[in-house]
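See below for the structure under consideration.
Protein chains: 2
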Amino acid sequence: MKFQDLKIKTKKQVSEETKGLSFLVKANYIERLTSGVYNYLPLGYRVIKKIEKVVKEEMDRIGGQEILMAALHPKSLWEKTGRWESFDALFKVQSKYDQWYALGPTHEEVVTPLAKNFIFSYKDLPFYLYQIQTKFRDEPRPKGGLLRTKEFIMKDLYSFHADEKDLDKYYEKVKKAYFRIFKRCRLKAILVEAPGGTFSPYSHEFQVLTKNGEDEIRYCSKCLIGYNEELKKDIKKCPVCQKELLKEKAAEVGNIFKLKEKYSKALDLKFIDKNNKTRYVMMGCYGIGISRILAVISEVLSDEKGLVFPLELAPFKFVIVPLFTGQKKIDSLIKKKGEEIYEFLLENKKEVLFDDREVSAGEKFFDSDLLGISYRIVISEKNIKKNFLEIKGRQSGKIKLIKINAFKNILTKNDFLF
Amino acid sequence: MKFQDLKIKTKKQVSEETKGLSFLVKANYIERLTSGVYNYLPLGYRVIKKIEKVVKEEMDRIGGQEILMAALHPKSLWEKTGRWESFDALFKVQSKYDQWYALGPTHEEVVTPLAKNFIFSYKDLPFYLYQIQTKFRDEPRPKGGLLRTKEFIMKDLYSFHADEKDLDKYYEKVKKAYFRIFKRCRLKAILVEAPGGTFSPYSHEFQVLTKNGEDEIRYCSKCLIGYNEELKKDIKKCPVCQKELLKEKAAEVGNIFKLKEKYSKALDLKFIDKNNKTRYVMMGCYGIGISRILAVISEVLSDEKGLVFPLELAPFKFVIVPLFTGQKKIDSLIKKKGEEIYEFLLENKKEVLFDDREVSAGEKFFDSDLLGISYRIVISEKNIKKNFLEIKGRQSGKIKLIKINAFKNILTKNDFLF
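Heads up: the protein sequence lines correspond to chains R and L, in order. Take my numbering: the final residue in the first sequence is number 1379, and no numbers are missing along the way. Take my numbering: the final residue in the second sequence is number 1379, and no numbers are missing along the way.
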């Protein structure tokens, strides 16, 4: 894509709560519509879709089938579980013509009756459904940009089992899938015990250390396990390695719950077991905040210059910056070489931006760092004479000269340079 | 995918308003949560994502950049355009803590201020943004399954121009893109004039003939143009070819509007023109109902046996049905051959279902027709002895015997058989 077609104008001055949020706003990734409500602009949405792709791949890998459930939930379903009154952050909306609805903040009330389409006997179990969807919560104090919002993008997976043993087994499988997801997002996730609600003594949260997080956790820096301070436990040493636990601020990026029979009982989801007896289905639920991952990445991976992404999530992998000299003949050569590299990358289906703006090289460099594009390719007079490209890795900060042929050779096989 | 992992149970008896809706419910594509609100189950959502892909490709082709706007819109924005009161189907929701919101039924109120991030001077124009998103409308009488709902998936594109001439040019470009989209969905779209609201004498709708549609149109069957009867025009002959116009029921699948300066004035979206004068941006907006396309396809492409899709949209391209004989040795050969074909298709990244259910061949045939899978591959004793596959095309209804090697040879190049 040509930079001018992207139309984005990076911002110089913004006053946001946190470093990550400042970069997201400066880089035109997101825009605040009102307190706790954000719009995703083209670059921000590109990254969101890449995060979604990673999450989907890992959900598919553990047998998840993707669906899309409604956001408007009839009040009657939420009354059956008692949450119409007890769920504090529930947005309630009334139709002029018929009923009251809850705006889905989570989907147990919908997925449990939905599963009746699929589950009749033990032969139909286990079974896994997930969706990626916009959720709504009437937060009293939205803050931290995308960290706590009234509207957010979430992946929610629900599992259905014949017995608790099978639920436990899948719960461990989801843990592993979650660690794979956070690793692909280059986030160091810590698995902590957290309050489990009324149906289970504990749930687990995946927390990432950041001083801008809302939670406080106590954790082992070696084993990456711990507990949420909300639990008010008095454990000072790691139960695995005996190392002293540390206390730090963190942001939750995922959580997993054993729902057991809580919702299947309330919403009457049963199956016929091997002995021909009717039983309630065992359930688990597993959330990941998609927009929250973007927020956390922007807090913990950014450096002083701007956003940094793992290669898989960067909005563009390459930006080509031609360094013009003002001399017509030389500039025409530079342009030609830049376009050759651009075409080569496009042909090889690489996401590349050609910075065709009439602004200074300094501004182009500044923006490519701010936007978090993985590799910056500078086309200069000196280097093209020797058939070299000057390439800077956004993450490593390293600058290398690479022969054009060698560059092309690597890129037909791999996206990763250094 | 193995059919048993899909877990779907097709329904035999349903009582729905229309043929298409009956098939969607029987085939476990969708589920009604409450009046006018649907959940998309795994197969239905597969098709929805394929429709989205077609639409995205055509939007990208005409320069659209994808974004995602919020569904919660502050009341203040809707008051600025006067639509807080005048937009009948607006869902209004109040936060316990701060303000009232509209649940976005369309996004002019949000995209117009959003465009201020990008548009400063004439050099920034034209500019195109689109999104695919869940919309909310408080319909008094939801009906026709996915045709008129309180919650639906829509693609909305907004264009920004320096002058009306440029808007007109792009409007024609969008028309062509829309015809390409409907053609890829195998829908015969008729372009009709429709009421344009207060800002433009006309808008255009793309209508598909179906007796279950909500609109009545008068159209030329040769030129595929016409007008919506709502316009109360008294034109009986085609203005192009003079052919007598026909009157029929139809369902709207897309609409395009020239908004001109209506929203840029109300929401103060200006730019500096070539003569250094400040002017309002000219706007257009262009909608396509994604979930409605699924509804219309199910009405107009279905036959008596079930759903039929263009190859690009089918939930699976192939279903493999092994015909077991009850004789162990032969059945083991049949299974082996079926799995060989299955692996071959998977390796070639074809979407294939292996019908591993323990049900009769008749039930497997019945379901593969109902679900609208493009090609059914029967593995029988007779045919594998001769190295043949019996393949039935869902759309053509034709059954052909194809040599296994020839089949593999075609499939490495192409998805289309006959």
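All C-beta atoms, glycine included, are put in the ideal place defined by N, C-alpha and C. Predicted, not measured: the structure shown is a model, and the values here were computed from it.
query: Can you list, in chain order, the residues of its chain whose CB lies under 6 angstroms from that of P1074 (chain L), leaving out five sequence neighbours each side?
result: Only L1228 meet the Cβ criterion.
task: Within the same chain, show all residues whose beta-carbon is closer than 7 angstroms to that of R1240 (chain L), passing over the 5 residues directly before and after it, in chain order.
output: Around R1240 (chain L): K1231, F1232, D1234.
message: Here's a check: name, in chain order, each residue in its chain whose Cβ is nearer than 6 angstroms to the Cβ of Y1131 (chain R), leaving out the five neighbours to either side.
response: Result list for Y1131 (chain R): S1120, in chain order.
- prompt: If V1339 (chain R) and V1282 (chain R) are in contact, beta carbons under 8 angstroms, what's the gap, nearest whole angstrom?
  reply: Contact between V1339 (chain R) and V1282 (chain R) holds, since their C-beta atoms are separated by about 5 angstroms, short of 8 angstroms.
- prompt: Does any C-beta atom of chain R lie closer than 9 angstroms to the C-beta of T995 (chain L)?
  reply: True, the Cβ-Cβ gap to chain R drops below 9 angstroms.
- prompt: Taking C-beta to C-beta, are K1084 (chain R) and D1099 (chain R) nearer than 9 angstroms?
  reply: No. Outside cutoff.
field: Beta-carbon proximity check, R1363 (chain L) vs I1345 (chain L), cutoff 9 angstroms
entry: Position check: residue 1363 (chain L) holds Ile in this sequence, whereas Arg was assumed. Taking the C-beta atoms as reference points, I1345 (chain L) is found no nearer than 9 angstroms to I1363 (chain L).
field: Any C-beta of chain R under 9 angstroms from that of K970 (chain L)
entry: Cβ-Cβ to chain R under 9 angstroms: yes for K970 (chain L).
task: Since I believe E1154 (chain R) is in contact with E1213 (chain R) (beta carbons under 8 angstroms), could you give me their beta-carbon distance rounded to a whole number of angstroms?
output: At roughly 13 angstroms, the Cβ-Cβ gap does not stay under 8 angstroms, so E1213 (chain R) and E1154 (chain R) are not in contact.
Residues, ordered as in the chain, of the stretch 1360-1377 of chain L that lie near chain R by beta-carbon distance below 7 angstroms: If the cut-off is 7 angstroms between Cβ atoms, the stretch 1360-1377 of chain L has nothing near chain R.
- prompt: Any idea what DSSP makes of M1020 (chain L), helix, strand or coil?
  reply: Helix, per DSSP.
message: With DSSP as the reference, identify every bridge partner of R1240 (chain L), one or two as the case may be.
response: As DSSP reads the structure, R1240 (chain L) sits in a beta bridge with L:F1232.
task: For L1026 (chain L), count neighbouring C-beta atoms within 10 Å of its own C-beta (all shown protein chains included) and say buried if the count is 16 or more, exposed if not.
output: In the sequence as displayed, the identity of residue 1026 (chain L) is Gln instead of Leu. Result: buried.
message: Using beta carbons (cut-off 9 angstroms, strictly below), is P1283 (chain L) in contact with chain R?
response: With 9 angstroms as the cut-off, P1283 (chain L) does not count as an interface residue toward chain R.
message: Using the Cβ count rule (16 or more neighbours within 10 Å means buried), how would you classify I1360 (chain R)?
response: Flag for I1360 (chain R) reads exposed.
- prompt: If we call anything under 9 angstroms between Cβ atoms a contact, is L1314 (chain L) one with G1267 (chain L)?
  reply: Cβ atoms of L1314 (chain L) and G1267 (chain L): not closer than 9 angstroms.
Per-residue contacts from S1056 (chain L) into chain R (C-beta, under 8 angstroms): Residues of chain R passing the Cβ test: F1052, D1099, K1111.
Nearest to L1207 (chain L) (by Cα), restricted to the options L:E1191, L:E1177, L:G1323, L:L1192: Comparing alpha carbon positions, the residue from L:E1191, L:E1177, L:G1323, L:L1192 closest to L1207 (chain L) is L:E1177.
Chain R contacts from the stretch 1217-1229 of chain L (Cβ-Cβ distance under 8 angstroms): Close to chain R, meaning a Cβ-Cβ distance shorter than 8 angstroms, is no residue of the stretch 1217-1229 of chain L at all.
query: So, are the CB atoms of V1015 (chain R) and E1260 (chain R) less than 9 angstroms apart?
result: Using a Cβ distance threshold of 9 angstroms, V1015 (chain R) and E1260 (chain R) do not count as a contacting pair.
task: Alpha carbon to alpha carbon, how far is I969 (chain L) from K1369 (chain L)? Give it in angstroms, no decimals.
output: K1369 (chain L) and I969 (chain L) have their C-alpha atoms spaced approximately 29 angstroms apart.
- prompt: Where does P1200 (chain R) fall in DSSP's three states?
  reply: Looking at P1200 (chain R) - three-state DSSP - the assignment turns out to be coil, as it is neither helix nor strand.
Chain-ordered residues of the stretch 1311-1339 of chain L with a beta carbon less than 9 angstroms from chain R: If the cut-off is 9 angstroms between Cβ atoms, the stretch 1311-1339 of chain L has nothing near chain R.
message: Determine whether the beta carbon atoms of K1210 (chain L) and T1042 (chain L) lie at a separation below 9 angstroms.
response: T1042 (chain L) sits away from K1210 (chain L), with the two beta carbons spaced by 9 angstroms or more.
field: Burial state of L1307 (chain R) (16 or more Cβ within 10 Å)
entry: Burial call: exposed.
Beta-carbon contacts of N1309 (chain L) that lie in its chain and below 8 angstroms, excluding the five residues immediately before and after: Excluding positions up to five away in sequence, the list reads L1372, T1373.
Three or more C-beta pairs below 8 angstroms linking the stretch 962-981 of chain L and the stretch 1000-1011 of chain L: In short, these stretches touch, since the Cβ pair count reaches three.
query: Helix, strand or coil: which one does DSSP assign to E1273 (chain R)?
result: Per DSSP, reduced to three states, the secondary structure at E1273 (chain R) is coil, with no helix or strand assignment.
- prompt: Smallest Cα separation from S1335 (chain R): which of R:D1059, R:F1377, R:G1024?
  reply: Comparing Cα positions, the closest option is R:F1377.
task: Have a look at R:Y1180, R:N1236, R:V1242, R:I1009 and flag the residue whose alpha-carbon is nearest the alpha-carbon of G1250 (chain R).
output: Closest option to G1250 (chain R), Cα to Cα, is R:I1009.
- prompt: If we call anything under 9 angstroms between Cβ atoms a contact, is Y1188 (chain L) one with G1215 (chain L)?
  reply: Cβ distance not < 9 angstroms, so Y1188 (chain L) and G1215 (chain L) don't count as in contact.
task: Could you tell me which chain R residues have their CB closer than 7 angstroms to the CB of T1239 (chain L), listed as they occur along the chain?
output: Contact annotation for T1239 (chain L) against chain R: no contact, minimum CB-CB distance about 18 angstroms [criterion: below 7 angstroms].
- prompt: Cβ of T1095 (chain R) less than 9 angstroms from any chain L Cβ?
  reply: With 9 angstroms as the cut-off, T1095 (chain R) counts as an interface residue toward chain L.
query: Is the stretch 1091-1098 of chain L close to the stretch 1171-1185 of chain L, with three or more CB pairs under 8 angstroms?
result: When C-beta atoms of the stretch 1091-1098 of chain L are compared with those of the stretch 1171-1185 of chain L, fewer than three pairs fall below 8 angstroms, so the two segments do not count as touching.
query: So which residues of chain L does Y1091 (chain R) contact, with C-beta pairs closer than 8 angstroms?
result: At a C-beta separation below 8 angstroms, Y1091 (chain R) has no neighbours in chain L, since its nearest C-beta there lies roughly 10 angstroms away.
field: In chain order, each alpha helix (DSSP H) run of at least 4 residues that lies wholly inside the stretch 1124-1175 of chain L
entry: Whole alpha helix (DSSP H) segments, 4+ residues: 1125-1145.
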